[in-house]
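**Q** Could you have a look at this structure, given as structure tokens, before my questions?
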Amino acid sequence: MSEYVCVASNGIPPDETWTVKLLVTFAPLMQAKAPTVRVPLGGLARLVCTAESWPRPDVTWDKDGQQIFDSDNYATSQTVSGQYHSVHVLEIRRVEKHHYGSYRCTARNDNGIHFADVDLEEAEPSFLYTNAIQEGSGLVISDDEDSDKDESAAGGVDARVVDTQPIRSISFVPSSIRDHTTPRSAEGMFSELRQDESNDAFQRIPLITVGLVTLLRLGVN
């Protein structure tokens with residue numbers, strides 16, 4: 015759009031002016047922001063097309079020749095970002111198998127029609143990996159924070175400058191060593207303590223018996 019100003023003057027004020035706006039109309043030019051969108055099952059798909067035209071176009075979305083309207087699964091929106099430029103978005107919620115395929119965004123105005131295609135494909139779901147280790151596998155996790163500090167000091171690295179977190183190291187311990195180094199439970203230690211106390215009590219029984227016999231003899235005498 016451009017503005018032209020016409021000024022009429024004969025030397026005697028005031029001057030007379032007219033403003034004329036020139037609008038250039040043209041057919042739409044539709045482009046897909048991304049020709050292929052990959053979303054996993056159950057995800058949210060966002061298909062985006064941009065249009066340039068004047069006058070502003072009417073934009074529709076369709077799949078397999080069927081026009082798409084707003085519903086629980088579909089939502090359309092548009093944003094005007096300039097005199098001739100607009101952005102059009104189709105959101106697909108809770109993507110299912112039948113949603114995958116080719117979508118078409120079409121722009122129409124009095125000067126023509128243009129469209130762009132966007133393919134929606136299934137993406138592999140992302141997996142969350144854990145550091146769970148099966149019991150009895152011989153793998154032991156330990157904190158190596160102190161060893162890291164020693165290594166950084168030996169290498170001349172200022173530990174105050176380096177922002178580190180304790181490193182979880184994994185080592186393999188043979189079963190023969192694990193049998194001897196496995197900590198005993200509190201219950202096991204208490205049972206051994208009780209057994210030691212009972213052994214001491216049995217050892218003191220002969221001494222008590224001798225003492226009683228001595229007292230009886232003294233009483234008789």
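Quick note, this note's numbering runs 14 ahead of the 1-based positions in the sequence shown. Where is the CB? At the ideal position from N, CA and C, for every residue including glycine.
Quick one: give me the first and last residue of the beta strand (DSSP E) that L61 is part of.
**A** Translated into the one-based positions of the sequence shown, residue 61 becomes position 47. Per DSSP, L61 belongs to the beta strand (DSSP E) from 59–68.
**Q** Buried or exposed for Y18, please, with buried defined as at least 16 other CB atoms from any protein chain shown within 10 angstroms of its CB.
**A** Residue mapping note: residue 18 aligns to position 4 of the sequence shown, counting from 1. Exposed, since its Cβ has fewer than 16 Cβ neighbours within 10 Å.
**Q** Using C-beta distances below 7 Å, list every residue in its chain close to H128, excluding the 5 sequence neighbours before and after it, in chain order.
**A** Residue mapping note: residue 128 aligns to position 114 of the sequence shown, counting from 1. The residues are A41, P42, L43, M44, A121.
**Q** Between the alpha carbons of G56 and V132, how many angstroms are there, rounded?
**A** The residue you call residue 56 lines up with position 42 of the sequence shown. The residue you call residue 132 lines up with position 118 of the sequence shown. Going from the Cα of G56 to the Cα of V132 covers about 19 Å.
**Q** Across which residues does DSSP place G126 in a beta bridge pair?
**A** What you label residue 126 is simply residue 112 of the sequence shown in a count that begins at 1. G126 is bridged to N123.
**Q** Using the three-state DSSP reduction, which class does K111 fall into: helix, strand or coil?
**A** Locating residue 111 in the sequence shown gives position 97, where the first residue counts as 1. The answer is helix: DSSP assigns K111 an H, G or I state.
**Q** Identify which residue in H113, A89, E66 has its Cα closest to the Cα of P54.
**A** Here residue 54 refers to the residue found at position 40 of the sequence shown. Nearest C-alpha to P54: H113.
**Q** Rounded to a whole number of angstroms, what is the C-alpha to C-alpha distance between E30 and V62?
**A** Here residue 30 corresponds to residue number 16 of the sequence shown, with the count starting at 1. Here residue 62 corresponds to residue number 48 of the sequence shown, with the count starting at 1. Using only the alpha carbons, I get a separation of about 48 Å.
**Q** According to DSSP, simplified to helix, strand and coil, what is Y18?
**A** Locating residue 18 in the sequence shown gives position 4, counting from the first residue. DSSP places Y18 in strand when its eight states are reduced to three.
**Q** Kindly indicate which three-state DSSP category Q97 falls into: helix, strand or coil?
**A** Translated into the one-based positions of the sequence shown, residue 97 becomes position 83. Three-state result, Q97: coil.
**Q** At the level of alpha carbons, what is the spacing between P27 and W68?
**A** If you number the sequence shown from 1, residue 27 lands on position 13. If you number the sequence shown from 1, residue 68 lands on position 54. Approximately 39 Å between the Cα atoms of the pair.
**Q** Near C20, what residues of its chain come up, given a Cβ to Cβ distance below 6 Å and the 5 sequence neighbours on each side ignored?
**A** In the sequence shown, the residue the question calls residue 20 occupies position 6. Taken in chain order, the residues that qualify are W32.
**Q** Going by C-alpha distance, which of T64, N125, K111, D124 is nearest A137?
**A** The residue given as residue 137 occupies position 123 in the sequence shown. When each option's Cα is compared against that of A137, the closest is K111.
**Q** Among Y117, F83, D72, which has the Cα closest to the Cα of A130?
**A** As a first step, residue 130 must be located in the sequence shown, where it is residue number 116. For the residues Y117, F83, D72, the minimum Cα distance to A130 belongs to Y117.
**Q** Does S116 come out as helix, strand or coil in the three-state DSSP assignment?
**A** If you number the sequence shown from 1, residue 116 lands on position 102. Correct three-state label for S116: strand.
**Q** Does K35 come out as helix, strand or coil in the three-state DSSP assignment?
**A** Sequence index remark: in the sequence shown, residue 35 carries index 21 (1-based). If DSSP states are grouped into helix, strand and coil, K35 belongs with the strands.
**Q** Pick helix, strand or coil for I26, following the three-state DSSP scheme.
**A** By one-based count along the sequence shown, residue 26 stands at place 12. I26: coil per DSSP, three-state reduction.
**Q** Work out the CA separation of T50 and E135 for me, nearest whole Å.
**A** As a working note, residue 135 is residue 121 in the sequence shown. As a working note, residue 50 is residue 36 in the sequence shown. Computed Cα separation, rounded: 7 Å.
**Q** Tell me the DSSP secondary structure of P42 in three-state form.
**A** Taking the sequence shown and counting its residues from 1, one reaches residue 42 at position 28. P42: strand per DSSP, three-state reduction.
**Q** If you reduce the DSSP assignment to three classes, tell me which class V175 lands in.
**A** In the sequence shown, residue 175 corresponds to position 161, counting from 1. Confidence at V175 is low in this model, with a pLDDT of 41, below 50, so the placement of that residue should be treated as unreliable; the coordinate-derived value is given next. Looking at V175 - three-state DSSP - the assignment turns out to be coil, as it is neither helix nor strand.
**Q** What would DSSP say about E138, mapped onto helix, strand or coil?
**A** Locating residue 138 in the sequence shown gives position 124, counting from the first residue. Coil.
**Q** Straight-line CA distance for H102 to S91?
**A** To locate residue 102, count along the sequence shown from 1; it is residue 88. To locate residue 91, count along the sequence shown from 1; it is residue 77. Cα to Cα, H102 sits roughly 6 Å from S91.
**Q** Please state whether the Cβ-Cβ distance between K47 and T64 is less than 8 Å.
**A** Numbered from its first residue, the sequence shown carries residue 47 at position 33. Numbered from its first residue, the sequence shown carries residue 64 at position 50. Yes, these two residues count as a Cβ contact at 8 Å.
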